[in-house]
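Here the structure comes first, spelled out in structure tokens, and everything after it is commentary.
Numbering (the numbering used here), first residue to last: -14 to 193.
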């Protein structure tokens, strides 16, 4: 379920109004595919164990392509961290868990990744938290931009036990793509920084 109001896009996991035994998840995806550049979003994760609040780029079999993907995922069992990861031709195993200074479901965080042919960098609130330079682990296919909120009671080891306690909401303040060679298209963009930040513990940009 998706709602646009108050300057935010809200993705909601809630009961189906027709079939009360069923739960509806939420997903937003672009029609356009994007290539190398900087991808950014300011989001607030949903609250609840067993939930996954994600900002990512993806292309795969549904679009008659091999599976390439670059991820930020907040897992509800520990909202004080975000997992970064990437897939190349359906091969993952590149997960890294990054601690945040506060729970991602209590305030907004600025997640960004800069994707280049020979380097992939992940940033949280302007700070570099992961860098990949092995080109075999860097996606190459142009991808769509996605946001999703979903839950499961089967992947408990990864996402924690799930029990529906009412509607859960993930909020998106804004999203941006800046192609390689462009910079500072709007105030607050990571690309406005004159130097690449060094790796450091992430700190939330703003709390509500």
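Positions of the beta carbon are idealized from the N, C-alpha and C atoms, including for glycine. Everything numeric in this text was worked out from a predicted model, so none of it was measured.
Indicate the three-state DSSP secondary structure (helix, strand or coil) for residue 37 in the structure shown. Residue 37 falls in the strand class under three-state DSSP.
Out of curiosity, what's the CA-to-CA distance linking residue 81 and residue 92? Cα-Cα distance, rounded: 21 Å.
In the stretch 87 to 154, which residue ranges form an unbroken beta strand (DSSP E) of at least 3 residues, counting only runs that do not cross its ends? Segments of the beta strand (DSSP E) lying fully in the stretch 87 to 154: 92 to 101, 104 to 109, 112 to 117 and 129 to 136.
Examine the Cβ distances between the stretch 53 to 72 and the stretch 82 to 90 and report whether three or more of them are shorter than 8 Å. Judged by pairs of C-beta atoms under 8 Å, the stretch 53 to 72 touches the stretch 82 to 90, as three or more such pairs exist.
Cα-Cα separation, residue 6 to residue 118: Approximately 46 Å, taken between the alpha carbons.
Please report how far the alpha carbon of residue 147 lies from the alpha carbon of residue -12, in whole angstroms. Using only the alpha carbons, I get a separation of about 23 Å.
Starting from the C-beta of residue 121, find all residues in its chain whose C-beta is less than 8 Å away, skip the five residues before and the five after it, and write them out in chain order. The residues are 73.
Residue 23 classed as buried or exposed, judged by whether at least 16 other C-beta atoms fall within 10 angstroms: The residue in question, residue 23, is buried, as its Cβ has 16 or more Cβ neighbours within 10 Å.
Excluding the 5 residues preceding and the 5 following residue -3 in the sequence, name in chain order all residues of the same chain whose CB lies nearer than 6 Å to its CB. Closer than 6 Å at Cβ, skipping near neighbours: -14, 11, 152 and 154.
Express the C-alpha separation of residue 144 and residue 52 in angstroms, rounding to a whole number. Straight across, the Cα-Cα distance linking residue 52 with residue 144 is about 22 Å.
Can you list, in chain order, the residues of its chain with a C-beta nearer than 6 Å to that of residue 212? Leave out the 5 residues immediately preceding and following it. Missing from the structure shown is residue 212; the chain here goes from -14 to 193 and no further.
When DSSP builds the beta bridges, which residues end up paired with residue 56? Note: residue 56 sits in a beta bridge opposite 41 and 70.
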